[in-house]
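Residues in the sequence shown are numbered consecutively from 6, following this note's numbering.
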Amino acid sequence: MIDLATHADQLSPTDVAILDATRACVVDFGVRRTTLTEVARRAGVSRPTVYRRWPDTGSLIAELLVRELRTIVAETMPDTGLGRDRLVHGIVTGSAAIRSNAVFAKIFRTDTDLMLTYVFGRLGRNQRTLIGLFASVIALGHRDGSIRAGDAEHMATMLLLITQSAVQSAGTVESLLAGAEFDAELSRAIEGYLLPLPDKDS
């Protein structure tokens with residue numbers, strides 16, 4: 006499994022204070038109105054202290070989103086159970102956590118185009134981390150027989166696309182599908198993708 010705690014362990018107390026201040030600014034103002042000056046003020050550090058770590062607001066926001074997503078994944082992906090059960094539960098509960106997360110919710114409401122850039126517009130650290138995590142659980146599911154045969158990385162990449170689409174589009178279909186019903190349908194979709202294929206001889 007991928008050690009999702011590694012990233013957090015590498016942050017200094019000053020880094021954490023700056024990221025916490027960035028989080029508060031994004032929740033209060035949105036991405037576009039978040040400035041390094043306000044972040045420094047809220048973190049109780051100088052502007053040069055922030056600039057030495059992150060050269061601009063964009064890189065700071067990207068780092069914040071890495072932290073937010075990895076925290077969610079670490080809290081929602083089970084460590085025990087069959088591979089398929091772990092993936093279905095982790096992806097569905099993780100997707101719900103992202104949709105209710107104050108940072109992601111604010112960006113979806115006010116800065117959707119920036120979310121597309123930071124999260125969906127390129128294969129960045131978050132996506133590669135998720136693909137690696139999904140692939141490791143798929144490999145476990147191959148060994149315990151709960152997941153159909155196939156290239157683990159290819160399957161993990163498709164799961165990422167399914168999950169991103171569900172999270173990104175959830176707000177647009179809220180009048181038709183939301184809450185527990187949304188989670189149930191997403192669970193069925195992922196479960197069906199991962200189920201072992203029936204034995205042709207059976």
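Beta carbons: idealized from backbone N, C-alpha and C, even for Gly.
Can you tell me the Cα-Cα spacing of residue i and residue j, whole angstroms?
i: Phe113; j: Thr168; result: 16 Å
i: Asp61; j: Val178; result: 35 Å
i: Ile96; j: Ala29; result: 26 Å
i: Ile103; j: Ile77; result: 7 Å
i: Thr40; j: Val71; result: 19 Å
i: Met6; j: Ala45; result: Low per-residue confidence applies at Met6: pLDDT is 43, beneath 50, and the placement is therefore not dependable enough to give any value.
i: His147; j: Leu138; result: 14 Å
i: Ala189; j: Ala110; result: 21 Å
i: Arg75; j: Asp204; result: 37 Å
i: Ala161; j: Leu202; result: 17 Å
i: Ile143; j: Gly88; result: 6 Å
i: Val31; j: Val55; result: 16 Å
i: Leu200; j: Asp33; result: 43 Å
i: Arg47; j: Ala26; result: 6 Å
i: Glu43; j: Ala79; result: 29 Å
i: Ser100; j: Ala67; result: 19 Å
i: Val108; j: Ile152; result: 33 Å
i: Pro83; j: Arg91; result: 6 Å
When DSSP labels each residue in this structure, what does residue i get in the three-state scheme?
i: Met2; result: Residue 2 lies beyond the residue range present for the chain, which begins at 6 and ends at 207; the question has no answer from this structure.
i: Val55; result: helix
i: Val21; result: helix
i: Thr42; result: helix
i: Val36; result: coil
i: Arg75; result: helix
i: Gln15; result: coil
i: Val50; result: coil
i: Gly155; result: coil
i: Glu179; result: coil
i: Leu87; result: coil
i: Asp61; result: coil
i: Leu202; result: coil
i: Ser207; result: Here the model assigns Ser207 a pLDDT of 45, short of 50, so the residue's position is not dependable and the matter cannot be decided.
i: Ile7; result: Unreliable placement is indicated for Ile7, whose pLDDT of 45 sits below 50; no coordinate value is reported for it.
What are the boundary residues of the alpha helix (DSSP H) that residue i is part of?
i: Asn131; result: 130-149
i: Thr115; result: 107-115
i: Leu199; result: 184-199
Does the beta carbon of residue i fall short of 7 Å from some heavy atom of the ligand SAH?
i: Asp33; result: Absence of the ligand SAH is noted for the structure shown, with no ligands found whatsoever.
Buried or exposed: where does residue i fall if 16 or more other Cβ atoms within 10 Å of its Cβ makes it buried?
i: Val21; result: exposed
i: Ser180; result: exposed
i: Ala171; result: buried
i: Gly176; result: exposed
i: Glu186; result: exposed
i: Asp118; result: exposed
i: Arg38; result: exposed
i: Leu69; result: buried
i: Ser105; result: exposed
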